[in-house]
Amino acid sequence: MEILSRFLHVKSMMIFNGSDFTRFLTSNRSEVLFILLLMALALRLPRLRKKGLFLYDEAAYYRDTLCVNQLFRFIASNFLELFSYKKKNEEEKIAFIMKFKDAVFYHYTYFKRWHLYLHMIFTRIVKQKDLALTIPPLILGVAAIPVVYLTTEAVFGAKCAFISASIIALSGLHILHSRSAEPETGSALCYLLAMLFSIYEKKYLAGGGGLFTAESLGTLAA
Numbered sequence: 000m001e002i003l004s005r006f007l008h009v010k011s012m013m014i015f016n017g018s019d020f021t022r023f024l025t026s027n028r029s030e031v032l033f034i035l036l037l038m039a040l041a042l043r044l045p046r047l048r049k050k051g052l053f054l055y056d057e058a059a060y061y062r063d064t065l066c067v068n069q070l071f072r073f074i075a076s077n078f079l080e081l082f083s084y085k086k087k088n089e090e091e092k093i094a095f096i097m098k099f100k101d102a103v104f105y106h107y108t109y110f111k112r113w114h115l116y117l118h119m120i121f122t123r124i125v126k127q128k129d130l131a132l133t134i135p136p137l138i139l140g141v142a143a144i145p146v147v148y149l150t151t152e153a154v155f156g157a158k159c160a161f162i163s164a165s166i167i168a169l170s171g172l173h174i175l176h177s178r179s180a181e182p183e184t185g186s187a188l189c190y191l192l193a194m195l196f197s198i199y200e201k202k203y204l205a206g207g208g209g210l211f212t213a214e215s216l217g218t219l220a221a
């Protein structure tokens with residue numbers, strides 16, 4: 000509470016002395032980000048359990064998750080038979096294909112694999128499936144706030160970083176996507192990380208290379 004009251008006091012005085020506010024943000028970055036994250040969660044969590052899936056795309060993503068689950072289950076139960084597929088005669092191949100079609104009864108239509116894998120993980124952990132589908136976008140949406148702050152701070156300074164992160168935390172559109180079972184918040188986070196790594200790449204990664212580069216994160220988001 001002491002940090003919050005101090006934060007609100009400095010915020011009210013920033014119009015009169017902007018340099019003090021900038022110094023406050025620089026010296027208390029962790030506390031400022033913590034308050035922004037709490038504010039974002041307070042706007043995104045209410046009635047999440049009762050929200051359900053109200054968009055067609057959300058239901059389609061759940062269908063895709065079921066499809067991939069069935070595909071992995073079929074591969075696991077027919078692993079050895081898959082390796083001997085080329086040695087089968089035509090009748091055996093047709094029988095195996097029909098067996099596959101019976102096990103995986105529809106094709107998935109969306110191709111953001113990381114989104115499907117997150118849904119697969121959380122639908123196994125959380126019993127309520129519509130809630131399980133909204134947890135990954137919520138986590139990724141809230142995670143975007145500190146990334147926006149750090150990216151903007153590196154280019155424009157602490158004051159612009161605070162304003163930008165506050166806009167994201169309070170944005171109605173961002174809140175909506177953070178509460179839906181869609182990949183927009185995850186894609187946005189990947190693009191933001193690509194921007195952040197582009198700025199800090201030479202400093203922290205010695206010119207790039209490896210998995211977590213701006214190029215790889217941009218490809219992941221696409």
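Residue numbers (my numbering): 0 to 221.
By construction, the Cβ of each residue, glycine as well, lies at the ideal position given by its N, Cα and C atoms.
Ranked by Cα distance from I144, the options P45, I174, Y116, I134 are led by I174. Between the alpha carbons of D19 and A193 lies a distance of about 31 angstroms. If you keep only unbroken beta strand (DSSP E) runs of at least 3 residues inside the region 19-98, you get nothing at all. For V147, the uninterrupted alpha helix (DSSP H) segment begins and ends at 128-155. Distance check between R112 and each of L191, G185, I34 places G185 closest, using alpha-carbon atoms only.
D129 counts as buried, since at least 16 other C-beta atoms from the protein chains shown sit within 10 angstroms of its C-beta. Per the C-alpha coordinates, the member of I96, P135, A102 positioned closest to R43 is P135. For A94 against T133, the beta-carbon gap comes to about 41 angstroms, at or over 8 angstroms, which does not count as contact. In chain order, L188 place their CB closer than 8 angstroms to the CB of A142, counting only its own chain and leaving out the 5 sequence neighbours on each side.
Straight-line spacing of the CA atoms in T64 and R72 works out to 12 angstroms.
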